[in-house]
Amino acid sequence: MPMIRLTAPTGALTEQARATIQRDLAAVLLRWEGAPDTAFFRAQAWSYLAELPAGAQTTAEDDAPRFLVEVTVPEGALSERRKAGLVEEATQTVLSAAGLAPDDALRVWVLVHEQPDGTWGAGGSVVRHADLVALAKGQQTDA
């Protein structure tokens, strides 16, 4: 049950990328989480795009656009290797969507928030990581 949010200044993404970035980032997250590529798991990978108005984001140095990718996953869903892969691929996805070069990678921050087991609810019930793992093992790829 992953969730991903990209915060970016308005106009920082190309029009084409703006239309696809949420699904692109959700697919990256699901892949690194090891979730099966099924309609159920794709529907549970919520993705948000928060665009900041002009002047709402800056640094002490300049006004070049910066991007914040926040990922929330159940605790234990990502090994250190998977976190590293997720951070790298999410960064590349955002750079591409913004038409930026790999040298601009420090303009993309990725924060991984691990939700403690028993503190995530959906459908009126607490969702536990072990339940998701069992569900994933029972799902077949339908993509």
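Each step along the sequence shown adds one to the number in this note's numbering, with nothing skipped, and position 77 is 120. Backbone N, C-alpha and C fix where the C-beta goes; we use that ideal spot for every residue, glycine too. These numbers come from a predicted model, not from an experiment.
- Excluding residues up to 5 positions away in sequence, Ala-60 lie with their Cβ nearer than 8 Å to the Cβ of Ser-139 in the same chain.
- Scanning Gly-166, Gly-142, Arg-74, Pro-159 for the CA closest to the CA of Glu-58 turns up Gly-142.
- Within the stretch 45 to 97, the complete beta strand (DSSP E) segments of 3 residues or longer fall at 46 to 52, 89 to 95, listed in chain order.
- Our two residues, Thr-102 and Arg-150, have alpha carbons roughly 10 Å apart in a direct line.
- Burial check for Phe-84: the Cβ neighbour count within 10 Å reaches 16 or more, so the residue is buried.
- The beta carbon of Ala-120 lies closer than 6 Å to those of Glu-76 in the same chain, with the five residues before and after it left out.
- Close CB contacts of Leu-73 within its chain, under the 8 Å cut and outside five residues either way in sequence, are with Pro-45, Asp-80, Phe-84, Arg-85, Ala-88 (chain order).
- Runs of the beta strand (DSSP E) lying entirely within the stretch 95 to 120 and spanning at least 3 residues, in chain order: 110 to 117.
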